[in-house]
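A quick write-up on the structure given underneath.
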Amino acid sequence: TSNRTLFASVAVRGIPKAGDDDAGSSGLALEVDYRSADGSAVDPAQLRQGQDVLAEVTVKNTTPHRLDNLALTQMVPAGYEIHNERMEGADTAGKRSDAPRPRGFFFFPDGSPQATGARLEHLDIRDDRVLRYFGLKAGESIVFKTRITAAYLGRFYLPSIQVEAMYDATKNARVKGRW
Numbered sequence: 288t289s290n291r292t293l294f295a296s297v298a299v300r301g302i303p304k305a306g307d308d309d310a311g312s313s314g315l316a317l318e319v320d321y322r323s324a325d326g327s328a329v330d331p332a333q334l335r336q337g338q339d340v341l342a343e344v345t346v347k348n349t350t351p352h353r354l355d356n357l358a359l360t361q362m363v364p365a366g367y368e369i370h371n372e373r374m375e376g377a378d379t380a381g382k383r384s385d386a387p388r389p390r391g392f393f394f395f396p397d398g399s400p401q402a403t404g405a406r407l408e409h410l411d412i413r414d415d416r417v418l419r420y421f422g423l424k425a426g427e428s429i430v431f432k433t434r435i436t437a438a439y440l441g442r443f444y445l446p447s448i449q450v451e452a453m454y455d456a457t458k459n460a461r462v463k464g465r466w
């Protein structure tokens, strides 16, 4: 009933069809490497049934600001099984890099709003995905390792892996999925 201008925002989200996804990043960098037990590179398209692979996922904050409430979603193909390393007592918190010290006149001691703890805030391991939640200082990176097994014969799609700030969708990164 008013003659004021009305503004609307429409946000559409979905899951692309297998093979139609793409890589991208904004404020975060994401890198995924697949390695064998001896550390050599492995091509996921060439796995044999029963072969174990270590997926190393590296997330880096490329902004000059601290980013909290980051959500990393690591999907795995239907033919893979995820090893729950927590059941074996392994450290699943990830390995953090040394972030550059803040510039300027201020010093932020550990425990201050500028410092992140060297821990993962939450880890959820499901049948088809691993969900991790954490924060990163400016320039800081963290590496997570997930052990998976190519359990079944067949051709499977390895979905894209993505990370985003839960309350600021402009800060995100994803790697392209592949067969």
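Sequence positions in the sequence shown follow this note's numbering and run 288 to 466.
Note that CB positions come from ideal geometry on N, CA and C, so glycine has one too.
Source: prediction; values computed, not measured.
When the Cα of residue i is compared with those of the options, which residue comes out closest?
i	options	result
I412	V299, P331, H370	H370
R461	P303, N290, F294	P303
R465	A438, G426, I435, Q333	Q333
H352	G426, L418, R442	G426
G441	R335, K347, A305	R335
V430	E372, K347, K463	K347
A248	G326, L293, E368	With the chain running from 288 to 466 in the structure shown, residue 248 is simply not present.
Please say whether residue j and residue i have beta carbons closer to each other than 8 Å?
i	j	result
D415	V363	yes
T473	S428	Because residue 473 is not part of the residues shown, which for the chain are 288 to 466, the question remains open.
L317	I448	yes
G366	Y454	no
Y444	A305	yes
So, for residue i: in the same chain, excluding its five sequence neighbours on each side, which residues have a beta-carbon less than 8 Å away from its beta-carbon?
i	result
T457	S313, G314
E408	Y420, F421, G422
D330	Y321
E451	L315, L357, A358, K458, N459, A460
A324	D339, L341
R291	none
V272	Outside the displayed range of the chain (288 to 466) lies residue 272, so it cannot be described from this structure.
Might you give, ordered along the chain, the residues of its own chain that have their beta carbon closer than 7 Å to the beta carbon of residue i, omitting 5 neighbours on each side?
i	result
R388	In this prediction, R388 scores a pLDDT of 48, lower than 50, which makes its location untrustworthy; the coordinate-derived value is nonetheless stated afterwards. Nothing listed; no residue qualifies.
V417	Q361, I369, T433
Only counting the same chain, and skipping five residues up and downstream in sequence, which positions put a Cβ closer than 6 Å to that of residue i?
i	result
K432	L341, E343
S289	none
P446	M362, G464
P396	Bear in mind that a pLDDT of 44 at P396, under 50, signals an unreliable position, so the number given afterwards is only what the model happens to contain. Correct list: empty, nothing qualifies.
Inset, instruction - Mind the definition here: the region 413-430 touches the region 350-358 only if three or more C-beta pairs lie below 8 Å; say whether that holds. - result: yes
Inset, instruction - Count the C-beta pairs between the region 293-311 and the region 333-348 that are closer than 8 Å, then say yes if the count reaches three, no if not. - result: no
Legend entry - Complete runs of the beta strand (DSSP E) confined to the region 327-358 [at least 3 residues]: Secondary structure within the region 327-358: the beta strand (DSSP E) runs of 3 or more consecutive residues, fully enclosed, are 339-348 (chain order).
Legend entry - 3 or more residues per run - each beta strand (DSSP E) lying fully within the region 399-438: 409-412, 416-423, 428-437
Inset, instruction - Within the region 301-328, note down every full beta strand (DSSP E) run reaching 3 residues or more, in order along the chain. - result: 311-313, 315-322
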